[in-house]
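As given, the protein sequences belong to chains A and B, one line each in that order. With the first letter of the first sequence counted as 1, position 18 gets the number 18 in the working numbering; the numbers rise by one all the way through. Numbers given in the working numbering equal positions in the second sequence, counted from 1, plus 356. Where is the CB? At the ideal position from N, CA and C, for every residue including glycine. Just so we're clear, the structure is a prediction, and the values are computed from it rather than from any experiment.
There are 2 protein chains.
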Amino acid sequence: MRAIAVHRGEELPRVIDVPTPEPEPGEVLVETLRVGVDGTDHEVIKGTHGGFPPGDDYQILGHEAIGVVVDPTTTGFDVGDLVMPTVRRPPNGTNEYFERGEPDMAPDGQYVERGIVDAHGYMSEYFTSPAEFLVEIPESLAPHGFLVEPMSNAEKALEHAYATRSAFTWEPESALVLGNGPLGLLTLARLARDVDDLYCLGRRDRPDPSIDIIEKLGATYVDSRETPVPEIPAEHGHVDIAVEATGYAKHAFEVLDALAPNGVGALLGVPGDWSFEIEGGRLHREMVLQNKALVGSVNSHIPHFEDAIETVSSLPDWFVDDIVTEVVPAEDPSAAFERNTDQIKTAVEFVSPSER
Amino acid sequence: MRAIAVHRGEELPRVIDVPTPEPEPGEVLVETLRVGVDGTDHEVIKGTHGGFPPGDDYQILGHEAIGVVVDPTTTGFDVGDLVMPTVRRPPNGTNEYFERGEPDMAPDGQYVERGIVDAHGYMSEYFTSPAEFLVEIPESLAPHGFLVEPMSNAEKALEHAYATRSAFTWEPESALVLGNGPLGLLTLARLARDVDDLYCLGRRDRPDPSIDIIEKLGATYVDSRETPVPEIPAEHGHVDIAVEATGYAKHAFEVLDALAPNGVGALLGVPGDWSFEIEGGRLHREMVLQNKALVGSVNSHIPHFEDAIETVSSLPDWFVDDIVTEVVPAEDPSAAFERNTDQIKTAVEFVSPSER
């Protein structure tokens, strides 16, 4: 079957031919419809995040897949069910995190991630998955259900951020998303449900499709070249919640200055090594005297997928149309991996959702 | 009446004579038994934290008071009730934080703190307080009930730290307290209820009374001169929860290295300005990939006092005897403000609890 993989020493993914997987009892064989591409895929392609499956010199990409059950084996799924797989799998047998349904909280070494860390992904005509790692997706989401996986990461980050503020009365009225990539815009759309006063930071010139989306969501675009994060309060006021979705290392600390008292910063982006100076005494003191919190969040699991299904289902049509800028055929997927300012979210299509 | 105050331009507090306060209806007149001294008092004396009441060139110290109701006016208290006042008061009228019983979450400008920020404290023969800011203390705590206020700060910090981890299954098994001063030791004693594997960081040579307390609590003393915070995991393993109680600015960031995956650092100490370099990219990345959290916490209110009453009531007698190293008479209180390694927690006595 056709698969899209990155090879050691190569800069761009390419189409390869691999054997069609055969499901074991308890597993489901899924025919892939579409697979979204995100920043993590670009990090995997560059070799800065995750790792190839042991013994292989290539990795099949893809962790945002939507597909149709073709062989449910012994599971409760039916042929034709629309499903999405979660990303993490136990590396050997199982462990406590998987047993209690919280693989997203497993530490390094206690998970692999399909398409990211030490395991092949879903960017192929078929994939198999144990039934417990599949989420059923409503038919209406067949075309853009691949947005559920990245949205589930935003759901988890916000759940954890809100949890940090659960010991007191906290009703956030303003929010800032750092980053106008796909994850940033999805997070912004999710936050629009909770708060009216929304900001999204980027560093793009107008006209730009991500800025258009930000403004159609009723949010204010903040150009970080004109208004660096620590200056946001002077320009726009402090925010109750901020979500870092760029992986820019300094944001984790700068964001403390953007937060209102009792605010929380959620960190989703994954930066590389970088040492720099901070006003550590002042930031530390203000975290204490203003009861501020900072929380890192990675990955997501079934409950976050379920929340994300609800959120993605409620997204306005214009948002989905505008954020998904290109769906390319699996036979020639290179355009899905191009990075230019016209692209926001791309996906690779194996089977057209309208022709299944 | 006799009061103990710090004066502008003077390095040490001294005894002064001020009018005995007269309670308004709804207020309670309290005769002071004992008032604890802590690190915040030393910061107030040095002038590095808080501020004098507007218009005064002196500030009556003290925010850890225990006393006896002598005039309950129109309140529900009775003459003879043992009470402790909370610390924060509304600056003008009231505001939303006080109205909903969460003055500890009020931002700068929306509170004063008796004995700390813009208001006189309780280190005087009598003080008044609105009834709503008084907590009744069991008779058994008359001698050392002044420990309830600092313990209530630990209770709040731990409540907020645990809240950050409430979105998933989290059972902390190890804890590290940074700081072997009174607040650090009280926090350590509180944590001993929750976890078995306990560490406390200090920089003292043996023999030292705080190290003795650490070890009698079953905790391991970590000398920061031999084992700096980032090296604690190599020496002792990672910890699930860490509480910063020194105000050393770098700890807020170093503590991230000491935390196990899914761990939380609670910040209680108040550092001054200091800029320094950190491995910000790595720390930010690890917060994300390991789901770590950092939370600042200041002050406390009635529910935390109530938790603290329970905790202080359950402290072993040896702990109370060992941590309260000196109780000095209000007529000559200078020894309560001396800082030497033999002193841990001191208090000033106005009326002996046994002679009331």
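| Asked | Found |
| --- | --- |
| Please name the residues in the region 581-613 of chain B whose beta-carbon is closer than 7 Å to at least one beta-carbon of chain A, in chain order. | A605, K606, A608 and F609 |
| For D413(B), is the classification buried or exposed, using 16 other Cβ atoms within 10 angstroms of its Cβ as the cut-off for buried? | exposed |
| Are there 16 or more other CB atoms within 10 angstroms of the CB of V435(B), so buried, or fewer, so exposed? | exposed |
| My parser needs the beta strand (DSSP E) runs of 3 or more residues fully inside the region 565-600 of chain B; what are they? | 576-579 and 595-600 |
| Shorter than 8 Å from the beta carbon of V83(A) to some beta carbon of chain B? | no |
| Compute the distance between the beta-carbons of V243(A) and A163(A), then report whether it is under 8 Å. | no |
| Within its chain, find whatever has a CB closer than 7 Å to the CB of A161(A); leave out the 5 residues flanking it on each side and keep chain order. | I241, V264, A266 and V295 |
| Indicate the three-state DSSP secondary structure (helix, strand or coil) for R638(B) in the structure shown. | helix |
| Determine the closest residue to I323(A) out of P329(A), F253(A) and T346(A), with distance taken between C-alpha atoms. | T346(A) |
| Applying a beta-carbon distance threshold of less than 7 Å, which residues of chain A neighbour L573(B)? | Those within 7 Å of L573(B) in chain A number zero; the least Cβ separation is about 25 Å. |
| Apart from the five residues on each side of it in sequence, which residues of its chain come closer than 7 Å, Cβ to Cβ, to K606(B)? | F632 |
| Select from the region 297-311 of chain A all residues with a C-beta closer than 7 Å to any C-beta belonging to chain B, and list them in chain order. | S297 and V298 |
| For T543(B), name the three-state secondary structure that DSSP assigns. | helix |
| In this structure, what does DSSP give as the bridge partners for Y58(A)? | H7(A) |
| W318(A) CB to nearest chain B CB: under 8 Å? | no |
| Can you list, in chain order, the residues of the region 262-287 of chain A whose Cβ is nearer than 8 Å to any Cβ on chain B? | N262, L267, L268, G269, V270, P271, G272, D273, W274, S275, F276, E277, I278, E279, G280, G281, R282, L283, H284, R285, E286 and M287 |
| Find the residues of chain B that neighbour A293(A), judging by a C-beta separation of less than 8 Å, and give them in chain order. | H516, T520, A649, L650, V651 and G652 |
| Note the first and the last residue of the continuous beta strand (DSSP E) segment covering K606(B). | It is not in any beta strand (DSSP E) - K606(B) carries neither H nor E in the DSSP assignment. |
| So which residues of chain A does F524(B) contact, with C-beta pairs closer than 7 Å? | E102 and M105 |
| I want to verify the contact list: residues of chain A whose CB lies under 8 Å from the CB of D553(B), in sequence order. | Here the premise fails: no neighbours, minimum Cβ distance about 17 Å. |
| Of all the residues that make up the region 198-209 of chain A, which are near chain B by a beta-carbon distance shorter than 9 Å? | none |
| Once you ignore the five residues that flank P91(A) on each side, which residues in its own chain have a CB closer than 6 Å to its CB? | V112 |
| Counting C-beta neighbours from all protein chains within 10 Å, is the total for D688(B) 16 or more, i.e. buried, or is it exposed? | exposed |
| Does the distance from the C-beta atom of N655(B) to that of R444(B) stay below 8 Å? | yes |
| Determine contact between the region 585-594 of chain B and the region 366-373 of chain B, defined as no fewer than three beta-carbon pairs at a distance below 8 Å. | no |
| Quick check on Q646(B) - is its C-beta less than 8 Å from some C-beta in chain A? | yes |
| Closest Cβ-Cβ distance between D568(B) and chain D: below 8 Å? | The displayed structure is made up of protein chains A and B, and chain D is not among them. |
| In the structure shown, what three-state DSSP assignment does Y453(B) receive? | helix |
| At a Cβ cut of 9 Å, what residues of the region 400-430 of chain B count as close to chain A, listed as they run along the chain? | none |
| Could you check where the beta strand (DSSP E) with I472(B) kicks off and where it finishes? | Element bounds for I472(B): n/a, residue is neither H nor E. |
| Are the beta-carbon atoms of V229(A) and D257(A) separated by less than 8 Å? | yes |
| If you draw a straight line from the C-alpha of G179(A) to the C-alpha of A154(A), how long is it? | 13 Å |
| Step through the CB atoms of chain A and report whether any lies within less than 8 Å of the CB of D397(B). | no |
| Beta-carbon of D550(B) versus every beta-carbon of chain A: anything under 8 Å? | no |
| T431(B) and A487(B) - do their beta-carbons sit closer together than 8 Å? | yes |
| Quick one: give me the first and last residue of the alpha helix (DSSP H) that D673(B) is part of. | D673 to I679 |
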